[in-house]
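Reading through the structure tokens given below for one structure.
Set out below in structure tokens:
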């Protein structure tokens, strides 16, 4: 009879060191880019950051969630908030979900990105 593999208590099966270390919604990934976890709220009257919690940055988007319009508006809005070019902000995961991961390819640190997001909170 084969023996079961022993697991250290508190360690998840399949957890790898490849995941970025995260202390909140903004983290630095392996490639040196800043990753932002976003909870999108499309269909609002105005685009704006609603809250910055420990899990995600809440962003209301003034575009309908059809044909990628909300994703394009989200990228445009976050580029203006972070004061970077639109080409430096890209959607990494969640193109059809409200929970998204965006990457920012610039010289900004995760702390600076978080400070700018909190500063522009509605």
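Residue numbers (UniProt numbering): 1 to 122. Where is the CB? At the ideal position from N, CA and C, for every residue including glycine.
(request) Quick one: give me the first and last residue of the alpha helix (DSSP H) that residue 28 is part of. (result) Run containing residue 28: none in the alpha helix (DSSP H); it sits in the beta strand (DSSP E), 26-28.
(request) Tell me where the alpha helix (DSSP H) around residue 57 begins and ends. (result) Per DSSP, residue 57 belongs to no alpha helix (DSSP H); it is in the beta strand (DSSP E), 57-61.
(message) Taking the beta carbon of residue 30 as the centre, do at least 16 other beta carbons fall within 10 Å, making it buried, or is it exposed?
(response) exposed
(message) Give me, in chain order, the residues of the same chain whose beta-carbon lies closer than 8 Å to that of residue 36; leave out the 5 immediate sequence neighbours on both sides.
(response) 25, 26, 57, 78, 101, 102, 103, 104, 113, 117
(message) Taking 6 Å as the limit between beta carbons, can you name the residues of its chain near residue 109, skipping five residues before and five after?
(response) Closer than 6 Å at the Cβ level, and outside the excluded window around residue 109, lies no residue.
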